[in-house]
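These notes are about the structure you will find just below.
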Amino acid sequence: MDSIKIKLAVDRSCNRVLFADAGSDFVDVLLSFLTLPLSAIQFCAATSPGCLFNLCDSVNRLTGGRLLKVEACHDMLLTPSTAHEFGGSSFWNSHDAFVKNQPNLQVDGDYCRCWQVMARLVHVYNKVSSGSVMFVRCKEQFMISDDLTIMPASTRTMQLLARNFGPGAILHDFEELEVCVGWTEVVAMLKASLSSDTIFTDIFLPMGSGDQDALAPVKPSINKKVVVAPNEDSGPHAPLECKIKLFYDGQEKKVMYAECKHEFVDLLLGFLAYPLGCVIKNMRDNGVTSPLGNGGGFDNLYNSVVGLDAAGFITGGKSTETLLNPPLSPFSVRPKCATPKEHQEEPENYNGLVSYSWCAGCCLDLVEDRNYVVSDDLLMHQASGMSVTKHWCRRDKANVVEMEITIGKPEVR
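Numbering (numbering that gives the first Met the number 0), first residue to last: 0 to 412.
Rendered as C-alpha cells:
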C-alpha cells in the first residue's frame with residue numbers, strides 16, 4: 000500500500016508545524032474522520048468524552064448477561080460498519096488483507112477488533128491510495144493548519160494562516176519537510192485530533208532536542224455530558240415516547256439512577272452507531288458545545304467541509320451529505336442496508352433518530368424486554384435487588400424524590 004506524501008512548513012525556532020501542503024488524497028483521508036461512528040472514539044482515546052466509556056462497557060455487560068437480543072447487536076453498536084455499506088463481502092476480503100499487512104495490529108496473537116470499527120477510514124485510505132476520488136472534486140493542493148483547518152492553497156490562504164505564525168503575522172523563516180503518511184500516521188492523527196490542536200507537530204516532529212520519535216500525547220479531556228441531538232423527524236407521524244422513573248437525591252442534588260424498560264436502553268445504546276459528523280452537526284444546530292471539538296480538530300474539519308463545499312471543491316450530492324450530516328451507513332449505495340423484513344412496515348424514527356435497523360437480519364429492539372437500571376453516568380444493569388440497593392446504601396430515603404419522566408424529542412436532544 001503506497002503512502003501519501005505531504006510537505007510540512009516547519010518553524011525550527013519553536014519546533015512546530017506552521018502548515019501542511021497536501022493534495023486532495025490526503026484531504027480525503029482527513030475528512031473521512033467525520034464518517035466514523037461515535038463508538039470509534041473509545042478505541043482511539045486514552046480517556047473518552049462524557050459517558051462514552053460507560054455506554055460501551057454497558058454493551059459488553061449486557062452481552063455477557065444475555066440481554067442483547069441477537070449477537071449481531073453487539074457488533075452493530077461497537078463496530079457498526081457492515082459489508083453491505085461497501086458493496087458486499089469483497090470489501091472485507093480486501094480489508095482483512097490490508098490489516099494482515101500491518102505489523103503492529105496483533106494483540107496476544109489475535110488481530111485487534113478496533114480495526115473493524117475503523118472500516119470506513121480503511122475504505123477511504125485504500126481508495127485514495129489507488130488514485131480514486133472520494134470527497135474532493137479535483138486534484139488541487141491544499142494548505143492545512145496544525146489544528147486541521149483546510150483551505151485551498153493560495154496567497155490569500157497563506158495570509159490568513161500567517162496570523163498564527165507569530166507577532167505581526169510575519170513569517171521569518173521555515174524549513175520544508177517532506178513526510179510520508181502511512182496507515183500508522185493516519186491512526187495517530189485520528190487519536191491526536193480528539194484532544195490536541197497541534198496535530199502535525201505532535202505526530203511528525205521529534206520531541207525535544209534528542210532523536211526520539213514524535214508522539215501524539217493525549218491531553219486530559221473535560222468531563223462533560225454528551226448530548227446527542229438527533230435529526231429532525233421528517234415523517235408524518237409524531238415521535239414515539241417512553242417513560243422512565245428518576246430517583247433524585249435532594250440533599251446531594253443529583254440523580255441517583257433511572258428505572259426503565261428496554262426502549263430507553265435501546266435509545267441510549269443507539270447513540271454509539273452515530274457518525275461523528277452527524278453528532279457535531281446536531282449538537283451545533285441545538286447550541287450544544289461538542290466535547291469532540293473541545294481542544295481538538297474535529298470542529299475545524301467540519302468547518303473546512305462547509306467552506307470547501309461552498310467553494311466547489313467537494314463532489315456534489317451524496318459526498319457533501321456523507322461528511323456534513325452522514326447517515327448511519329454513510330458509504331452505502333442503497334438507502335436501506337438490505338432487504339426489508341417481509342410483511343413488516345419500515346420502522347418509524349424513534350424520537351427523530353434515524354432508524355438503526357432496516358433489514359431482515361436486524362432486530363429492532365436491541366435488548367430483551369426487562370426492567371433496567373441506568374446510573375447518572377450511563378452504566379446499565381438489569382434491575383435486580385443488588386443493582387438497585389447499591390444506590391440506596393447510606394442514603395436517607397426522606398431526601399429522595401421519585402419522578403416519572405416522559406422522554407420525547409426535547410429530552411433526547
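Note that CB positions come from ideal geometry on N, CA and C, so glycine has one too.
With fewer than 16 other beta carbons inside 10 angstroms of its own, CYS137 counts as exposed.
The alpha carbon of LEU30 has as its nearest neighbour, out of GLU251, ILE243 and LEU307, the alpha carbon of LEU307.
Here LYS244 is bridged, per DSSP, to GLU258 and GLU403.
The shortest C-alpha to C-alpha distance from VAL26 to any of GLY315, SER374 and SER303 is the one to SER303. Our two residues, CYS259 and VAL278, have alpha carbons roughly 25 Å apart in a direct line. In this structure, ASP1 sits away from ALA152, with a CB-CB distance that is not shorter than 8 Å. Going by DSSP, CYS277 is part of the alpha helix (DSSP H) stretching over 275-284. By the neighbour-count criterion, in which a residue is buried when 16 or more other Cβ atoms sit within 10 angstroms of its Cβ, MET385 is exposed.
At least 8 Å separates the beta-carbon of ARG11 from that of THR200. The Cβ atoms of PHE18 and SER144 sit closer than 8 Å to each other. Secondary structure at LEU30: helix, using DSSP grouped into helix, strand and coil. Between the region 121-137 and the region 257-277 there are fewer than three inter-stretch CB-CB distances shorter than 8 Å, so the stretches are not counted as touching. In this chain, LYS4 is not harboured by any alpha helix (DSSP H); it is covered by the beta strand (DSSP E) spanning 3-10. Looking at SER57, HIS122, ILE5 and SER38, the one whose alpha-carbon comes closest to that of SER331 is HIS122. The beta carbons of LEU147 and LEU300 sit closer together than 8 Å. The closest CA to that of SER57, considering only GLY181, SER328, ALA309 and VAL264, is found on VAL264.
At a cut-off of 4 residues, the continuous stretches assigned as alpha helix (DSSP H) that sit fully inside the region 134-167 are 154-160. For ASP368, there is no enclosing alpha helix (DSSP H), as DSSP gives it neither H nor E. Taking the Cβ atoms as the reference, SER374 lies roughly 5 Å from TYR256, within the contact range of under 8 Å. Within the same chain, and ignoring the five residues on either side of THR154 in sequence, no residue has its Cβ closer than 8 Å to its Cβ.
For ALA309, the three-state secondary structure derived from DSSP is helix.
Beyond the five residues adjoining it in sequence on each side, TYR273 comes within less than 8 Å, by CB distance, of PRO36, LEU37, VAL227 and LEU327 in the same chain, given in chain order. Annotation: VAL372 to GLY63 spans about 16 Å, alpha carbon to alpha carbon. Of the candidates ILE5, LYS244 and GLN381, LYS244 places its Cα closest to the Cα of THR405. Each of LYS253, LEU271, GLU410 and ASP368 was checked against the Cα of HIS390, and the nearest Cα belongs to LYS253. Non-local C-beta neighbours of SER192 in its own chain, meaning closer than 8 Å and more than five positions away in sequence, comprise PHE32, LEU147, ILE198, GLY295, GLY296, PHE297 and LEU300, ordered along the chain. In the structure shown, PHE52 adopts helical secondary structure according to DSSP, grouped into three states.
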